[in-house]
Amino acid sequence: MLTIHAADEVRRAWDDPEPVKDGAVAVEGDRIAAVGTLAEVQERFPGARVRRWPGALGPARIHEGPLPDAPTPRERVHAVLKSGAVAVLAEYADAPELRAAAVRNDVVVLPGVRPVALVPGGRADLAVLDGTGACVATVCAGRLVHRRR
């Protein structure tokens, strides 16, 4: 099912100097189908489900340090997802049970930091941040995995 994620602004990269006001990202399966204004994306995909988020929508983050403490590897990975990150560095996911928990949750284990951006055809990894930088929602490989209540 195609879903359009809309927000007050969309940033193709977090340092994007010109965010798309009243922007949207269309997600089909685990891929980004389009990025643009909500009006443009809805015109291209009429009838798609629309999820509206407060704040800024952009590429999901890479968690660059040790995974948060939690009782189980699964809960440690979920804490990363709640922060708006969908990738971790291999040096911090070196235990087999952590790596397995990451893989089960579609969290990418990377050898190093790399730039992240919203690109049509790219993996649908999104984060919505409020004005303080706190995560409102995380989409990992097209699935909504965290929503702050």
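Positions in the sequence shown are counted from 1; adding 1417 to them yields the numbering used here. Even glycine gets a Cβ: it sits at the ideal position worked out from N, Cα and C.
Comparing alpha-carbon positions, which option in the options lies nearest residue i?
i	options	result
G1482	G1529, D1542 and P1476	G1529
R1531	H1422, V1467 and P1476	P1476
V1458	R1564, R1566, A1518 and P1537	P1537
V1526	A1534, R1516 and V1533	R1516
N1522	P1488, D1432, H1563 and A1534	H1563
Would residue i be called buried (16 or more neighbouring beta carbons within 10 Å of its own) or exposed?
i	result
R1478	buried
R1540	buried
G1550	exposed
R1493	buried
Note down, in chain order, each residue of its chain lying with its Cβ closer than 8 angstroms to the Cβ of residue i, except the 5 sequence neighbours on either side.
i	result
P1471	A1424, D1425, V1545, D1547 and V1553
Can you find the residues in the same chain that come closer than 7 angstroms, C-beta to C-beta, to residue i, ignoring five residues on each side of it along the sequence?
i	result
M1418	R1466
H1422	A1441, V1442, V1444, R1468, W1470, L1474, L1543 and V1556
L1455	A1423, D1439, G1440 and A1441
What are the boundary residues of the alpha helix (DSSP H) that residue i is part of?
i	result
R1493	P1490 to K1499
R1566	Taken as a continuous stretch (DSSP letters only), R1566 belongs to no alpha helix (DSSP H), as it is neither H nor E.
Give the range of the beta strand (DSSP E) segment to which residue i is assigned.
i	result
E1445	V1437 to E1445
L1455	L1455 -> not in any beta strand (DSSP E); alpha helix (DSSP H) instead, spanning L1455 to R1461.
A1512	Note, A1512: premise wrong, no beta strand (DSSP E); not H, not E.
V1553	C1552 to C1557
D1542	No beta strand (DSSP E) contains D1542, which DSSP labels as neither H nor E.
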